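Per the numbering used here, the very first residue in the sequence shown carries number 52; after that it's consecutive.
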Amino acid sequence: QPCAGAAAGAAAGPAGSGNAAACPAVSSSSVSERFLLPDEDELYASPEELSPHGTPQLLTERSDSFSLGILFLELFYRPPGGEPARLRLLGDARHRILPNDFVVRQPKEAALVTALTSPRPDERPSPGELRESDMFRDATAMLRARHRSLAQADAQQDAQVLLDFLRMIEVRKAALRGRLVEQIEELSAAAAAADVVLDDKQARKLQRRKRARHVAVGAAAAAGPSGGGGGGGGSGQEA
């Protein structure tokens, strides 16, 4: 609402300047920051923590329940509009004002947030009572089922990875066996060719020996009679 003193001062001119100075100017941005965007450090604190008359003795585990309720709302519901909308949501939740679509779509969660953010600490559920609530039991069962499902999925994935690895090993072993067979066949063919070459060399060597033997025998046969006559003449001369 406009400041009446400032308006009167402006109408009165210099005479009303004192009234105008007595009325501080408030910008629209400061109003927005103060009433629409609460201090984030105070969003999660319980009312008794922020009370100027509060003492450490007044804080109990149910004070933490209030902070937990604000945190649950932030986890359960994401308003459109970015950071300003989130701050407004949490600021309203401190007064137990929740979005209509959240209440309609998630009534159990909305009831839990409302109970946890009660302005009276004795009306808030304690952490022990919270663990025993139906909602948390259902959530625990759901998380355990999800954990088992994820564990089974991980086991199946590990088994598939192992199976793929074994298949890859079999493929590589088959390829290696094929290469070894090819190498053995190549070595066998090379050995057979070497044997043929050796056999051919040995056959040629035997043939050369046979020819040399025949030549030697023929030469000995041709030189036999003449050698015998010469020997007899010599013996007669000596006589």
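Every residue gets a Cβ at the ideal spot worked out from N, C-alpha and C, and that includes glycine.
These numbers come from a predicted model, not from an experiment.
C-beta contact flag for residue i and residue j at 8 angstroms
i, j, result
"leucine 181", "phenylalanine 187", "yes"
"serine 118", "alanine 96", "yes"
"threonine 168", "glycine 132", "no"
"leucine 149", "phenylalanine 123", "no"
"proline 98", "proline 170", "yes"
Span separating the alpha-carbon of residue i from that of residue j
i, j, result
"threonine 165", "glutamate 134", "22 angstroms"
"glutamine 52", "glutamate 93", "Bear in mind that the predicted position of glutamine 52 carries a pLDDT of just 39, short of 50, making it unreliable; the figure below should be weighed with that in mind. Their Cα atoms are separated by approximately 27 angstroms."
"alanine 76", "leucine 138", "Any reading at alanine 76 needs caution, since the residue's pLDDT is 37, under 50, leaving its predicted position unreliable; the model's value is listed next. About 25 angstroms."
"alanine 161", "histidine 198", "26 angstroms"
"leucine 213", "alanine 206", "10 angstroms"
"valine 232", "methionine 219", "20 angstroms"
"glycine 179", "alanine 204", "33 angstroms"
"glycine 157", "serine 102", "For the record, residue 157 in the displayed sequence is glutamine; it is not glycine. Rounded to the nearest angstrom, the two C-alpha atoms are 31 angstroms apart."
"leucine 110", "glutamate 100", "7 angstroms"
"alanine 272", "lysine 261", "16 angstroms"
"serine 239", "alanine 202", "55 angstroms"
"aspartate 173", "alanine 136", "30 angstroms"
"glutamate 236", "aspartate 215", "32 angstroms"
"glutamine 258", "glycine 269", "16 angstroms"
"threonine 191", "leucine 141", "26 angstroms"
"alanine 144", "serine 184", "21 angstroms"
"glycine 229", "glutamine 208", "31 angstroms"
"alanine 61", "glutamate 112", "For alanine 61, the predicted model reports a pLDDT of 37, less than 50, meaning its position is unreliable; a value from the coordinates is still stated below. Distance between the alpha carbons of alanine 61 and glutamate 112 is about 55 angstroms."
"glutamine 234", "lysine 252", "27 angstroms"
"proline 266", "valine 248", "The question names proline, yet the displayed sequence has valine at residue 266. Approximately 27 angstroms between the Cα atoms of the pair."
"histidine 146", "glutamine 211", "53 angstroms"
"arginine 223", "alanine 263", "59 angstroms"
"alanine 254", "aspartate 246", "12 angstroms"
"leucine 227", "alanine 241", "21 angstroms"
"serine 200", "leucine 217", "25 angstroms"
"alanine 244", "alanine 225", "29 angstroms"
"aspartate 250", "lysine 256", "10 angstroms"
Top-ranked residue by Cα proximity to residue i, from the options
i, options, result
"lysine 159", "Ala226, Asp189, Ala245 and Ser114", "Asp189"
Could you give the uninterrupted runs of the beta strand (DSSP E) lying entirely in the stretch 112-157, keeping only those of 3 residues or more? none
Segment contact flag, the stretch 141-161 with the stretch 112-127, C-beta cutoff 8 angstroms, min 3 pairs: yes
Minimum length 4: unbroken alpha helix (DSSP H) runs contained in the stretch 155-239: 158-167 and 178-182
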